[in-house]
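Trainee: Here numbering that gives the first Met the number 0 is used: the first residue of the sequence shown is 0, the next is one more, and so on.
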Amino acid sequence: MPAPQTDPEEATASCCGRLSLAGLRRPVEVCDLEFDPGCASRNTFWTWPLLGPLLFENESSDARDHCANERTFLSYLRLSVYMAVVAIAIVLSFHLKTQPTELELRMAQPLGIVFWVLSLACLILGFGNYIKTVNKYSRKAAIVQTGWRTQSIMSLIALAIIGTCVILLVIAKVRAVN
Numbered sequence: 000m001p002a003p004q005t006d007p008e009e010a011t012a013s014c015c016g017r018l019s020l021a022g023l024r025r026p027v028e029v030c031d032l033e034f035d036p037g038c039a040s041r042n043t044f045w046t047w048p049l050l051g052p053l054l055f056e057n058e059s060s061d062a063r064d065h066c067a068n069e070r071t072f073l074s075y076l077r078l079s080v081y082m083a084v085v086a087i088a089i090v091l092s093f094h095l096k097t098q099p100t101e102l103e104l105r106m107a108q109p110l111g112i113v114f115w116v117l118s119l120a121c122l123i124l125g126f127g128n129y130i131k132t133v134n135k136y137s138r139k140a141a142i143v144q145t146g147w148r149t150q151s152i153m154s155l156i157a158l159a160i161i162g163t164c165v166i167l168l169v170i171a172k173v174r175a176v177n
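1) So, helix, strand or coil for T100, using DSSP?
2) Note down the Cα distance separating V169 from C121, rounded to an integer number of angstroms.
3) Look at the Cβ atom of L110, then the Cβ atom of M82, and state whether they are nearer than 8 Å.
4) Helix, strand or coil: how does DSSP classify C138 here?
5) In terms of alpha-carbon separation, which member of M153, H65, K139, L91 lies closest to Y75?
6) Indicate whether at least one CB of chain B lies closer than 8 Å to the CB of I156.
7) Quick one: measure Cβ to Cβ for A86 and F114, integer angstroms, because I've assumed they're closer than 8 Å.
8) With a cut-off of 8 Å on the beta carbons, I'd call Q108 and V90 a contact; round off their distance for me.
9) Return the CA-CA distance between R77 and A67, expressed in angstroms with no decimal places.
10) Smallest Cα separation from G125: which of R105, E103, K139, R148?
11) Helix, strand or coil for N68? Go by DSSP, reduced to three states.
12) In angstroms, rounded to a whole number, what distance separates the CA positions of V173 and V165?
And the structure:
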């Protein structure tokens, strides 16, 4: 009698069992989680296995909405990387010159730290919005990605960029006068 063959994708992975890379990448069907009474209060994004892709049933415009959510997260990530590069450029550009002025020395590090903190805040905000949206999609709920956190952090970023431009223009004007 031949031994029954098991499908490797059907092998369940648990947090207490043997770990394997294939087990960690097993797909998670979100429609199965809806009917599981223990999963009603759980966060869909952190469902075991953690590295497994979340599979949603494509009804109406679900695929389009998930792609839009991923593009939004990538936009937050891109803005965060740009802000981090600007933070490093501000700190280094004032110190690589042969003779930085006293004002430039006083402004470089605090301004770089402000941009670095805003970069991290933007990344955390984008990741939080992404997770919240995926969880709402798994419950078939609509979501609008705005709120006081998003508006306040984006306002701070805009204020920092405009303020930095004004500071750099004032420094250039003071230097031209001297």
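Think of the CB as a built atom: it goes at the ideal place given N, C-alpha and C, for glycine as much as any other residue.
Mentor: The short version:
1) Numbered from 1 along the sequence shown, position 101 holds the residue referred to as residue 100. It is coil, neither helix nor strand.
2) As a position in the sequence shown, residue 169 is number 170, starting the count at 1. As a position in the sequence shown, residue 121 is number 122, starting the count at 1. V169 and C121: Cα-Cα distance of roughly 27 Å.
3) Here residue 110 refers to the residue found at position 111 when the sequence shown is read from its first residue. Here residue 82 refers to the residue found at position 83 when the sequence shown is read from its first residue. The answer is no: Cβ separation not under 8 Å.
4) Numbered from 1 along the sequence shown, position 139 holds the residue referred to as residue 138. According to the sequence provided, residue 138 is Arg. The question's Cys does not apply to it. Correct three-state label for R138: coil.
5) Here the question's residue 75 lines up with position 76 in the sequence shown. Taking only the C-alpha atoms, the option nearest Y75 is M153.
6) No chain B appears in this structure, which consists of one protein chain only.
7) The sequence position of residue 86 within the sequence shown is 87, counting from 1. The sequence position of residue 114 within the sequence shown is 115, counting from 1. Right, their Cβ atoms sit about 4 Å apart.
8) Along the sequence shown, one-based indexing puts residue 108 at 109. Along the sequence shown, one-based indexing puts residue 90 at 91. Q108 to V90, Cβ: 6 Å. Contact.
9) Locating residue 77 in the sequence shown gives position 78, where the first residue counts as 1. Locating residue 67 in the sequence shown gives position 68, where the first residue counts as 1. Distance between the alpha carbons of R77 and A67 is about 15 Å.
10) Reading the sequence shown from its first residue, position 126 is the one you call residue 125. If we check each option's Cα against that of G125, R148 comes out closest.
11) Taking the first residue of the sequence shown as 1, we reach residue 68 at position 69. In the structure shown, N68 sits in a helix (DSSP, three-state: H, G or I).
12) If you number the sequence shown from 1, residue 173 lands on position 174. If you number the sequence shown from 1, residue 165 lands on position 166. Between V173 and V165, the C-alpha separation is close to 12 Å.
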